[in-house]
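Enquirer:
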Amino acid sequence: MPQFRPLMAAATLIVLGAGPLMAQPAPTDAPPPPAQMGHHAMKHAAPFAKLTVTGTGQATTQPDMATVTLGVSTRAATAAEAMAQNAEQQAKVIETLKAEGIEARDIQTSGLNLSPVMDYSDQGQPPKLTGYGAQNSVTVRVRDIAGLGAVLDRLVASGANEISGIAFSREDMAEAEDQARTEAVADARRRAEVMAEAAGMRLGRLLSLSDVQIGGGPRPMMAMRAEAAGSADTPIEAGELAVSANVTAVFAMHPADAPEGGEPPAPEGEATPGEAPAN
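So in our numbering, spot 24 of the sequence shown is number 73, and the numbers just go up one at a time.
And the structure:
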């Protein structure tokens with residue numbers, strides 16, 4: 050019996066040492082609890098319709114600059130003589146412009162022409178060459194509209210015998226353009242509200258807004274005139290300039306009984322309801 054005691058003691062130690070291992074629970078294959086879903090995944094934006102409208106705005110401003118095209122036309126027996134006379138007369142016109150305070154940057158040659166002058170009065174006969182005509186025109190910006198009439202009179206006196214037109218403008222149109230765009234956006238919202246109410250819907254948030262470019266630039270509100278008046282200065286009426294702006298706006302539109310605030314912005318990378326996702 051004494052010989053078995055060491056063996057029994059060793060077996061007892063093995064059993065006691067294995068106890069903690071046997072007490073541990075067996076691993077399970079159950080999946081971890083699902084993570085909580087985000088706010089956007091739990092809450093879906095209510096579907097809505099879209100309303101696209103255009104808005105128009107207009108602003109007026111006073112012109113501060115006039116552009117005049119004027120020139121000299123001469124006729125002579127030969128081409129060289131016609132050009133020489135024209136050059137001499139046009140030089141006087143340009144000198145007068147500079148004497149009136151017109152800067153060189155505001156004077157630009159806009160046309161130069163030399164052509165034969167033919168006589169077609171003899172019926173059945175070939176036309177006859179009677180001389181040559183030369184035309185030289187310049188486009189001038191006059192920044193003092195109040196003195197424009199007096200300037201034109203002095204130019205005619207110095208030799209200018211052609212005035213083909215006057216156009217009024219403003220050097221800086223930014224303020225008037227901004228005012229026109231502001232009115233265009235307000236007009237677009239007003240139209241959208243009227244249309245939504247007429248359709249029995251409620252106007253939602255603005256989805257997109259774009260500026261529509263209009264060609265032609267500012268236009269005069271009234272007809273301009275430049276008339277001779279004897280010894281008095283030529284009267285010039287500058288009137289006003291009108292600037293127009295157009296915008297296109299897209300609004301969300303909900304049923305009238307839909308709860309307020311049911312249109313949260315779409316999460317980043319997620320399409321707005323009713324729109325295809327971006328590629």
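Cβ coordinates follow ideal geometry from the N, Cα and C atoms, glycine included.
1. Measuring alpha carbon to alpha carbon, tell me which residue in V121, A148, D282, A237 is nearest V261.
2. Please classify G150: does DSSP put it in a helix, a strand, or coil?
3. To the nearest angstrom, how far is it from the Cα of A307 to the Cα of A294?
4. Among the candidates Q157, G182, G160, whose CA atom is the shortest distance from the CA of D168?
5. Could you please give the first and the last residue of the uninterrupted beta strand (DSSP E) stretch that includes G208?
6. Out of G173, P304, V189, which has the shortest C-alpha to C-alpha gap to A247?
7. If you run the structure through DSSP and keep just helix, strand and coil, what is D113?
8. Mind checking who M250 pairs with in its DSSP beta bridge?
9. Kindly list the residues whose CB is nearer than 6 Å to the CB of T188, restricted to its own chain and excluding five residues on each side of it in sequence; keep chain order.
10. So, are the CB atoms of I194 and L201 less than 8 Å apart?
11. Take A108 as the anchor and find which of A301, R230, K99, N210 has the nearest alpha-carbon.
12. By a C-beta neighbour count over all protein chains shown, 10 Å radius and 16 as the cutoff for buried, is I263 buried or exposed?
13. Can you tell me where the beta strand (DSSP E) with Q157 in it begins and where it stops?
14. For the candidate residues E232, L146, G173, whose alpha-carbon lies nearest to that of R192?
15. For I151 and S207, I'd like the C-alpha separation in whole angstroms.
16. Assign L178 to buried or exposed, taking buried as 16 or more other Cβ atoms, counted over all protein chains shown, within 10 Å of its Cβ.
17. May I ask you to verify whether the stretch 216-224 touches the stretch 113-132, counting CB pairs closer than 8 Å and requiring at least 3?
18. Short check: CB of M302 to CB of K99, under 8 Å?
19. Anyone know if the C-beta pair for G106 and A233 falls short of 8 Å?
Expert: Taking the structure as given:
1. A237
2. coil
3. 34 Å
4. G182
5. Looking at the DSSP string, G208 is not in any beta strand (DSSP E), and its letter there is neither H nor E.
6. P304
7. coil
8. P304
9. T118, Q157, S159
10. Contact flag unset, no.
11. Of the candidates A301, R230, K99, N210, the one whose C-alpha sits nearest the C-alpha of A108 is R230.
12. exposed
13. 156-168
14. L146
15. 15 Å
16. exposed
17. yes
18. Taking 8 Å as the Cβ cut-off, M302 and K99 qualify as a contacting pair.
19. yes
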